[in-house]
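Trainee: Here it is: the structure, laid out below.
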DNA sequence: GTACTTGCAAAGTATTTGCAACGTC
DNA sequence: GACGTTGCAAATACTTTGCAAGTAC
C-alpha cells in the first residue's frame with residue numbers, strides 16, 4: 032500500500048512542485064507530530080535535527096505551500112503564533128479543537144459534529160458552507176478529575 | 032434607560048479601571064462599527080478622528096483591557112492581524128462568523144447554534160465547555176445570486 | 001501624594017522578501 | 001542552460017514594553 036508521504040508527493044507533483052529533501056523532512060516532521068500543534072519555529076527546530084542546513088524561510092515557504100494544497104491547515108489559537116495542523120486525508124472539513132483553560136492542552140475531535148448546524152446555516156442564512164473552524168474552550172476531563180486548581 | 036457605554040463604564044469601575052477619554056473614544060468607535068471587524072490599526076485611525084493625540088500603544092492597551100473584561104473578543108481570520116469584535120451584552124458564548132470566500136465579507140450569526148453540539152462534547156469527551164469559536168467559510172447569498180465569478 | 005494612565009520611542013516577535021548560489025532535468 | 005528551490009540576511013509587519021510626564025482623587 033502507498034504511504035502517506037507518497038500520496039503527498041503526488042499531490043505536489045500534480046501541482047507542479049517537487050518533493051525536495053527539505054520539503055520531505057518538513058512533511059515527515061508534521062507526520063511524526065500529528066497530534067501536536069507546531070508553530071513554524073517548532074517545525075524548524077525539529078526539521079533541523081534531520082536536515083541541519085535548512086533555513087527558517089524554507090520552512091515557512093513549505094508550510095505555506097502545504098496550506099495552499101490543503102494538506103495542512105494554518106491555525107491560530109490566540110497567542111501570537113500560527114500553528115500548522117495536518118488535515119485528515121480526504122476530509123472536506125477541518126477537525127475541531129478542545130482547548131483546556133486549566134492545563135492548556137489542545138485535543139482534537141476528528142468526527143464532524145457540524146452536519147446539522149451547517150444545514151441550518153445553509154437554509155436560514157443562504158450561505159453555502161465549504162469549510163469550518165470550531166474551537167471550544169473549557170475544562171478537560173483530566174483537569175476536572177484531578178481537581179486541578181493550579182492556574183498555569 | 033442606561034446606555035451601553037454607561038454599563039461598560041460600570042464594568043470598568045467594577046474592575047478598578049477608569050473610563051478615560053481615550054478609552055471612551057475607543058469604546059465608542061467599537062460601538063459605532065459594531066458590524067465590522069476592525070484591526071487595532073483600524074481602531075487607532077478611527078479613534079484619532081475623535082481624539083487626535085491618542086497613541087497606538089494606548090489603543091492596544093485598551094483593546095487588551097476590554098478583551099480581559101470580555102467586552103470584546105480578539106479574533107484572527109488568518110491574515111496576520113488581530114481583530115476586535117464586541118461581544119453581545121451578557122452572552123456567555125462568542126457569536127459565529129460566516130466568511131465569504133468570493134467577496135471576503137464577514138457576517139455574524141448572533142443566535143447560538145451549538146447547544147446540542149456542546150452537549151455531545153460534554154458527554155462524549157468529558158470536556159466542560161465554557162466558550163466557543165466557530166467560523167464558516169463558503170459562499171454568501173449575494174455572491175451566489177449575482178452569479179459572481181470574479182475572483183477577488 | 002499615590003496610583004493609574006498616557007504618548008513616544010525603542011524593543012521584541014513573527015513572518016516575508018531579495019538575491020545569489022545550487023540542483024535537476 | 002532554464003527554472004524551480006534554497007539559505008542567508010535584510011526588510012517588514014504587528015504588537016509590546018520602558019519610562020518620564022500627565023491626571024484624578
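Residue numbers (the working numbering), protein chains in the order written: chain A, 32 to 183; chain B, 32 to 183.
In this text, a Cβ means the ideal position worked out from N, Cα and C, and glycines have one as well.
This structure is a prediction, so every number in the text was calculated from the model and none was measured.
Could you tell me the distance, in whole angstroms, from the CA atom of residue 78 of chain B to the CA atom of residue 85 of chain B?
Mentor: Spanning the two alpha carbons is a distance of roughly 8 Å.
Trainee: Runs of 3 residues minimum, wholly inside the stretch 69-100 of chain A: which ones carry the beta strand (DSSP E) assignment?
Mentor: Whole beta strand (DSSP E) segments, 3+ residues: zero.
Trainee: By a C-beta neighbour count over all protein chains shown, 10 Å radius and 16 as the cutoff for buried, is residue 71 of chain B buried or exposed?
Mentor: Classification of residue 71 of chain B: buried, given that the 10 Å Cβ count is 16 or more.
Trainee: So what does DSSP say about residue 113 of chain B, is it helix, strand or coil?
Mentor: Strand, per DSSP.
Trainee: Which value, in whole angstroms, describes the spacing of the CA atoms of residue 115 of chain A and residue 55 of chain A?
Mentor: Going by the C-alpha atoms only, they are around 16 Å apart.
Trainee: Enumerate in chain order the residues of its own chain whose CB-to-CB distance from residue 42 of chain A is below 8 Å, with the five nearest sequence positions on each side excluded.
Mentor: Counting only Cβ-Cβ distances below 8 Å, and skipping sequence neighbours, we find 100, 102.
Trainee: Here's the rule I'm using: 16 or more other beta-carbon atoms within 10 Å means buried, otherwise exposed. How should residue 65 of chain B be labelled?
Mentor: With fewer than 16 other Cβ atoms within 10 Å, it is exposed.
Trainee: With a 10 Å radius around its C-beta and 16 neighbouring C-beta atoms as the bar for buried, classify residue 44 of chain B as buried or exposed.
Mentor: Exposed, because fewer than 16 other Cβ atoms sit within 10 Å of the Cβ of residue 44 of chain B.
Trainee: DSSP three-state label for residue 139 of chain A, please.
Mentor: DSSP places residue 139 of chain A in strand when its eight states are reduced to three.
Trainee: In three-state DSSP terms, what is residue 129 of chain A?
Mentor: Here residue 129 of chain A sits in strand by DSSP.
Trainee: So which of B/138, B/52, B/163 has the shortest CA-CA distance to residue 149 of chain B?
Mentor: Checking every option, the nearest Cα to that of residue 149 of chain B belongs to B/163.
Trainee: Grab the span of the alpha helix (DSSP H) containing residue 57 of chain A for me, first residue to last.
Mentor: Looking at the DSSP string, the run of the alpha helix (DSSP H) that includes residue 57 of chain A is 52-63.
Trainee: Can you find a CB in chain A that lies within less than 9 Å of the CB of residue 182 of chain B?
Mentor: Here the model assigns residue 182 of chain B a pLDDT of 42, short of 50, so the residue's position is not dependable, and the following value carries that caveat. Taking Cβ atoms only, chain A never reaches closer than 9 Å to residue 182 of chain B, which makes this a no.
Trainee: For residue 157 of chain B, does the three-state DSSP call read helix, strand or coil?
Mentor: Looking at residue 157 of chain B - three-state DSSP - the assignment turns out to be coil, as it is neither helix nor strand.
Trainee: Closer than 8 Å is the cut-off here; do at least three beta carbon pairs connect the stretch 137-149 of chain A with the stretch 157-175 of chain A?
Mentor: Yes: at least three Cβ pairs fall under 8 Å.
Trainee: May I ask you to report which of helix, strand or coil DSSP gives residue 147 of chain A?
Mentor: Reduced to three states, the DSSP call for residue 147 of chain A is helix.
Trainee: Report yes if the CB atom of residue 51 of chain A is closer than 9 Å to the CB atom of residue 97 of chain A, and no otherwise.
Mentor: No; because the gap between Cβ atoms is not below 9 Å, this pair is not in contact.
Trainee: Could you compute how far the alpha carbon of residue 156 of chain B sits from the alpha carbon of residue 172 of chain A?
Mentor: For residue 156 of chain B and residue 172 of chain A, the distance between alpha carbons rounds to 8 Å.
Trainee: Would residue 101 of chain A count as contacting chain B if we go by Cβ distances under 9 Å?
Mentor: No, because no Cβ of chain B sits closer than 9 Å to the Cβ of residue 101 of chain A.
Trainee: Does residue 147 of chain B get closer than 9 Å to chain A when you measure Cβ to Cβ?
Mentor: Chain A, which has a Cβ nearer than 9 Å to the Cβ of residue 147 of chain B, makes this yes.
Trainee: DSSP beta-bridge partners for residue 39 of chain A?
Mentor: DSSP, once it has assigned bridges, lists no residue as partnering residue 39 of chain A.
Trainee: Starting from residue 175 of chain A, trace the alpha helix (DSSP H) in both directions and tell me its first and last residue.
Mentor: Segment 172-176, the alpha helix (DSSP H) holding residue 175 of chain A.
Trainee: Taking 9 Å as the threshold (C-beta atoms), are residue 159 of chain A and residue 175 of chain B in contact?
Mentor: It is a contact, given that the beta carbons lie within the stated cut-off.
Trainee: Please name the residue, chosen from B/139, B/143, B/108, B/133, that lies closest to residue 124 of chain B on a Cα-to-Cα basis.
Mentor: It is B/143.
Trainee: Name the chain A residues that come within less than 8 Å of residue 163 of chain B, Cβ to Cβ?
Mentor: In chain order: 165, 166, 167, 168.
Trainee: So with CB distances below 8 Å, who are the chain B contacts of residue 175 of chain A?
Mentor: Within chain B, the residues near residue 175 of chain A are 157, 159.
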